[in-house]
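Top line first, the protein sequences correspond to chains A and B. Position one of the first sequence corresponds to residue 229 (the working numbering), numbered consecutively onward. Position one of the second sequence corresponds to residue 488 (the working numbering), numbered consecutively onward. Structure, as structure tokens:
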Amino acid sequence: MSANEREQSTRAVIPQRFGPYGGRYVPETLIAALDELTAAWEEARDDPAFDARQDALRRDFIGRPTPLYLAERLSERVGSQVYLKREDLAHTGAHKINNALGQTLLAQRMGKPRIIAETGAGQHGVATATACALLGLECVVYMGTEDIRRQAPNVERMRLLGAEVAPVEAGARTLKEAVSAAIRDWVANVETTHYVIGSAVGPAPYPALVRDLQRVIGEEARAQALAAAGALPRRVIACVGGGSNAIGIFAPFVEDAEVALVGVEAGGDGIESGRHGASLGAGQTGVLHGSLSSVLADEDGQILEAHSVSAGLDYPGSGPEHAHLRDTGRARYFSVTDEQALQALRELARLEGIIPALESSHAIAWLLENPLEGDGFDVLCLSGRGDKDLAEYVRRVGESR
Amino acid sequence: MSAQADGAGRIATAFAAAKAEGRAALMPYMMAGYPDRDSGLAVARAYVDAGADLIELGIPFSDPLADGPTIHAADTQALAAGATLRTALETCEAIAERIPVVLMVYVNMVLAHGGAEQFARLARAAGAAGAIVPDLPLGEDESVREAFDAAGLAMVPLLAPTTSAPRRAEICKVARGFVYLVSTVGTTGERAEVPAALAALAATAKADAGETPVAVGFGIGTAAQAAEVGKIADGVIIGSRLVRAAGEGATPAESADAVAEFLAEARVSLAG
Ligand SMILES: Cc1ncc(COP(=O)(O)O)c(C=O)c1O
């Protein structure tokens, strides 16, 4: 298939379901807005003017394409070739800006003057605040107070960008509650407000919309790999919180049966400890935040708290498309512990002069333990940079050694 | 008699009885196990004694997306106090012989355990007449409704001010028991005023619902508001205001007294 045909085939319909997963499990009040959003996205993605505007901003504002970087010292350490897809070099420091920019452009087109978002690590909040500043939109970001503590620099960045950071005190005061608070705000203000969800989760059309907007990671990486190495990678590896960077880099490779897709979840204190965020590896089928997927829940269906050193992976669910890719065997999902992720952060800093986000460090940690056998190379999505995590790193490890 | 008539039939009888008295049905909401198990039971009995026509019994859930701060906090506290699905079913059982009970339950709890069929069996065994699943809108609800129908548990759908006209007609068509009209664009919680657009909204809902009663909920927090809504709907649902009252009691008896006082007032003003 040519790139053009591949593009066309993904554009045929906006799926509501991925196998049995997905759907729209939300209060009736939101259905009209989800219909409106679906129609707006169907229209916008076929509008050359929208594409042109988005492409120009991706290039000049985000700094795309991000490099595909052959990490030589890391490759030597692992024993096989590794290319890093440098989303850490995207403006604001993570892949989250791809989605935030696309959705705020869409909101502007829909005539919604007010934007709300949730954030865990603060990366999506910063990305959304940034896009809102660029487009002159009002912006409110919901954030759990535990995450406000863990990711303080990002809170200041959002405020500087003109966004209001709304603290959320419920539950464990992390990402799950921030998403819930944002959804409640949306239910109350749906006529004037667009909710920029930060990952490939939520009611349809969000999982497909976010994937479409993050797909640029995989499109670029695939073309860059072919140009640099003359071949496709043997494996594509990404961390999975809600699953947006992973689905973005996986999507263009799904039809390439010879390319293995590997998602790495938060193992927290270890799966056995029960304190983790591995909803695909150790969850059950259930509904969280509007879609049916794989979630952490008890036998009554109460959603459990996730646990991860990394705020962006500290979430008891993941996107419905990942649950489907898991069931069909097309992608495989593993987990690494907090400890392994912290070590991997340090290792990459020393080997490559790149301080990765704690989220991305999970993917690095898995790679360090699972070198590629035989010929070929890996592509790993370095979803973000680690500046935001330094305080947490020092708190956990003791000092920056 | 089809199995489906069981729960729906009981609900219909309750609405008809209120109508015969020339008033809308009084439908208080409560959270099972809130503020604790015994207080929840005392509140349920107080609702029956104070003249409720039908009780909406909330099953505490970790992530209640349709609920505002008052009920969300009650969910959290009930769960912290040890409430489970069992607690809610026991509360239902304690009053179900005296009054029709409609469960308010989030979909993940319906799908857990053995799925919708098993949930419907458990609910029916506890005497529930119906269930409202606030995060299961038209389009996602078919298999669950089939399971509820088979067990005779009436699946009560919600209408919102944002619901389109064709969709509203569809929803009314599949309604069992009654149609739950959400009064405003928002989550549950007390509001200063009844929305100006509500009368027109209720009229269109009633036109589509035909014989099926239409009850209005969300935002009704005073006896005067209840009376106002009672003029345009077949039933009046009072939630957050009563949950707040239940939470203010330090003992089961105090919680029961607090809700009884408010309900008695609402009952008088509905009849007025
Ligand atoms: C740098 C980075 N990577 C990954 C994630 C996880 O999200 P997702 O699984 O949607 O990519 C986050 C979330 O905040 C993040 O900031």
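Note that CB positions come from ideal geometry on N, CA and C, so glycine has one too.
At a beta-carbon threshold of 9 Å, the residues of chain A lying near A599 of chain B are Q512, G514, A525, D526, E527, D528, G529, Q530, ordered along the chain.
The beta carbon of A398 of chain A falls within 8 Å of a beta carbon belonging to chain B, placing the residue at that interface.
Check the Cα spacing between L595 of chain A and each of A:R613, A:I582, A:E575: the tightest is with A:E575. Under the DSSP assignment, H559 of chain B falls in the alpha helix (DSSP H) whose first and last residues are 556 to 567. With distances taken between CA atoms, L576 of chain B lies nearest to B:A531 out of B:L623, B:A531, B:A743. In the structure shown, the three-state DSSP call for H590 of chain A is helix.
When DSSP states are grouped into helix, strand and coil, P435 of chain A belongs to the helix group. Following the DSSP letters along the chain, one finds G617 of chain B inside the beta strand (DSSP E) bounded by residues 617 to 619. CA-to-CA, the gap between G330 of chain A and R613 of chain A works out to about 21 Å.
Going by beta carbons, D615 of chain A and G348 of chain A fall outside the 8 Å limit. Not a single C-beta of chain B is nearer than 8 Å to the C-beta of V424 of chain A.
For the stretch 239 to 253 of chain A, residues whose beta-carbon sits nearer than 8 Å to a beta-carbon of chain B comprise G251, R252, Y253. Under the three-state reduction of DSSP output, K718 of chain B falls in the coil class, being neither helix nor strand. The alpha-carbon of G470 of chain A is positioned some 12 Å away from that of G476 of chain A. In this structure, K404 of chain A has its beta carbon at no less than 7 Å from each heavy atom of ligand 1. With a 10 Å radius around the Cβ and a threshold of 16 neighbouring Cβ atoms, D526 of chain A comes out exposed.
Near chain A, meaning a CB-to-CB distance below 8 Å, the residues of the stretch 606 to 623 of chain B are P621, D622, L623. For P624 of chain B, the secondary structure class from DSSP, reduced to helix, strand or coil, is coil. For G476 of chain A, the enclosing alpha helix (DSSP H) begins and ends at 472 to 478. Between ligand 1 and the CB of N473 of chain A, the shortest heavy atom gap is smaller than 7 Å.
The three-state secondary structure of L570 of chain A, taken from DSSP, is helix. For E587 of chain A, the Cβ falls inside the 7 Å cut-off from some heavy atom of ligand 1.
In the three-state reduction of the DSSP assignment, D695 of chain B falls in the helix class.
Residue contact check for A511 of chain B against chain A: no CB pair falls below 8 Å.
Looking from the CA of T738 of chain B, the closest CA among B:S526, B:R608, B:E680 belongs to B:S526. By DSSP's assignment, K313 of chain A forms a beta bridge with A:L296, A:C609. Contact of I344 of chain A with chain B is not assigned, every C-beta pair being separated by 8 Å or more.
For S519 of chain A, the beta-bridge partners assigned by DSSP are A:L516. In terms of Cβ geometry, G617 of chain B and I498 of chain B form a close pair [threshold 8 Å].
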